[in-house]
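These notes are about the structure you will find just below.
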Amino acid sequence: MYTEESQLEAFGSSARVCVYTGRVKASDLAYGTLLDEIQSGVLAPGTVLAEVEQSSRLGVSRTPLREALGRLAADGLVAQASPRVTVVTAIDQGDIRDLFQVRRALEETAARLAAASADRHVFAGLADEFAHAQPRGDADDYYALIARFDRALDAAVANDYLTAALRTVRTHLVRVRRLARDNPDRLAASVGEHRVIAAAIAAGDTDLAAHATHVHLHNALTSILESLEASV
Numbered sequence: 001m002y003t004e005e006s007q008l009e010a011f012g013s014s015a016r017v018c019v020y021t022g023r024v025k026a027s028d029l030a031y032g033t034l035l036d037e038i039q040s041g042v043l044a045p046g047t048v049l050a051e052v053e054q055s056s057r058l059g060v061s062r063t064p065l066r067e068a069l070g071r072l073a074a075d076g077l078v079a080q081a082s083p084r085v086t087v088v089t090a091i092d093q094g095d096i097r098d099l100f101q102v103r104r105a106l107e108e109t110a111a112r113l114a115a116a117s118a119d120r121h122v123f124a125g126l127a128d129e130f131a132h133a134q135p136r137g138d139a140d141d142y143y144a145l146i147a148r149f150d151r152a153l154d155a156a157v158a159n160d161y162l163t164a165a166l167r168t169v170r171t172h173l174v175r176v177r178r179l180a181r182d183n184p185d186r187l188a189a190s191v192g193e194h195r196v197i198a199a200a201i202a203a204g205d206t207d208l209a210a211h212a213t214h215v216h217l218h219n220a221l222t223s224i225l226e227s228l229e230a231s232v
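First residue of the sequence shown: 1, per the UniProt record's numbering; consecutive thereafter.
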């Protein structure tokens, strides 16, 4: 579900101020709700998001709704079919391949930068957590650990442009993960791959960090595409 932590991540810095002072903009709430529903599949690809209906359902006026839809359009999650009708975009295997091309460039760069400058203790601790993770028992806990790894990576990179681009990619990855479904064997392999990445960053080994990230993303893409093909 959409927790306060994930809301803050999605809304951005302006909403953080509002949340901490007890106020959340209507457009932020509309955006957060719609984002969660699109990522979880409640609003499936092709779903029509009519202004009047969505304004009433979400309890907001049309102006904040339009702001929320504009942000979702910028994310690539919706597209305008007419001046007052927006639809949830589809995502196919071609889109997923394109997404992973971008993801590979961004994450390999981020891993290399983090290995050159990160707090070694932070990533050594994460490597230890990955070594003891049991995703077969609770995938949600494992995804929460990955989210903490991502936040540590963003902090280590300290590049707002790179982290903003990564945030957009991660927004789509939630949809991809849902479409592909959880594969227990793949999750178990992913644990080991993340441990190697975190350990390489902790050791300051830039080449290994980038290579381990490349291997992880190759395996992840292969598994996702195989899962989608099997479900056809």
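Note that CB positions come from ideal geometry on N, CA and C, so glycine has one too.
Opposite residue i in the DSSP bridges: which residues?
{"i": "threonine 86", "result": "Leu49 and Gln80"}
Expressed to the nearest angstrom, what Euclidean distance is found between the alpha-carbon atoms of residue i and residue j?
{"i": "glycine 76", "j": "proline 45", "result": "12 Å"}
{"i": "alanine 139", "j": "arginine 148", "result": "14 Å"}
{"i": "leucine 126", "j": "glutamate 193", "result": "12 Å"}
{"i": "glycine 70", "j": "aspartate 28", "result": "11 Å"}
{"i": "valine 88", "j": "alanine 73", "result": "9 Å"}
{"i": "histidine 53", "j": "leucine 65", "result": "Looking at the sequence shown, residue 53 is not histidine but glutamate. Each residue's alpha carbon lies about 11 Å from the other."}
{"i": "leucine 173", "j": "arginine 103", "result": "10 Å"}
{"i": "arginine 170", "j": "arginine 62", "result": "28 Å"}
{"i": "glutamine 39", "j": "arginine 175", "result": "5 Å"}
{"i": "tyrosine 142", "j": "arginine 195", "result": "12 Å"}
{"i": "phenylalanine 130", "j": "alanine 81", "result": "44 Å"}
Can you tell me whether DSSP reads residue i as helix, strand or coil?
{"i": "alanine 118", "result": "coil"}
{"i": "alanine 133", "result": "coil"}
{"i": "leucine 228", "result": "helix"}
{"i": "glycine 59", "result": "coil"}
{"i": "alanine 105", "result": "helix"}
{"i": "isoleucine 146", "result": "helix"}
{"i": "asparagine 159", "result": "coil"}
{"i": "valine 169", "result": "helix"}
{"i": "isoleucine 38", "result": "helix"}
{"i": "asparagine 219", "result": "helix"}
{"i": "isoleucine 197", "result": "helix"}
{"i": "aspartate 182", "result": "coil"}
{"i": "alanine 44", "result": "coil"}
{"i": "aspartate 138", "result": "coil"}
{"i": "aspartate 92", "result": "coil"}
{"i": "glycine 204", "result": "coil"}
{"i": "glycine 22", "result": "For glycine 22, the pLDDT reaches just 46, beneath the cut-off of 50, and the residue's location in the model is therefore unreliable, leaving the point undetermined."}
With a threshold of 6 Å on Cβ separation, who are the neighbours of residue i within its own chain once the five nearest residues in sequence on each side are excluded?
{"i": "asparagine 219", "result": "none"}
{"i": "alanine 118", "result": "Ala156 and Ile201"}
{"i": "glycine 204", "result": "Ala115"}
Report the CB separation of residue i from residue j in whole angstroms; it is logged as a contact under 8 Å.
{"i": "phenylalanine 100", "j": "leucine 217", "result": "6 Å"}
{"i": "alanine 79", "j": "valine 60", "result": "Rounded, the Cβ-Cβ distance is 21 Å, inconsistent with contact."}
{"i": "arginine 136", "j": "proline 184", "result": "5 Å"}
{"i": "leucine 162", "j": "leucine 106", "result": "7 Å"}
Using a Cβ-Cβ cut-off of 7 Å (strictly less than) and excluding sequence neighbours within five positions of residue i, which residues of its own chain qualify?
{"i": "alanine 189", "result": "Asn219"}
{"i": "glutamate 108", "result": "Ala210, Thr213 and His214"}
Residues in the same chain with beta-carbon distance under 8 Å from residue i, minus the five sequence neighbours each way, listed in chain order, please.
{"i": "valine 85", "result": "Val48, Leu49, Ala50 and Glu51"}
{"i": "serine 55", "result": "Ser61, Arg62 and Leu65"}
{"i": "residue 235", "result": "Since the first residue of the chain shown is 1 and the last is 232, residue 235 is not available in this structure."}
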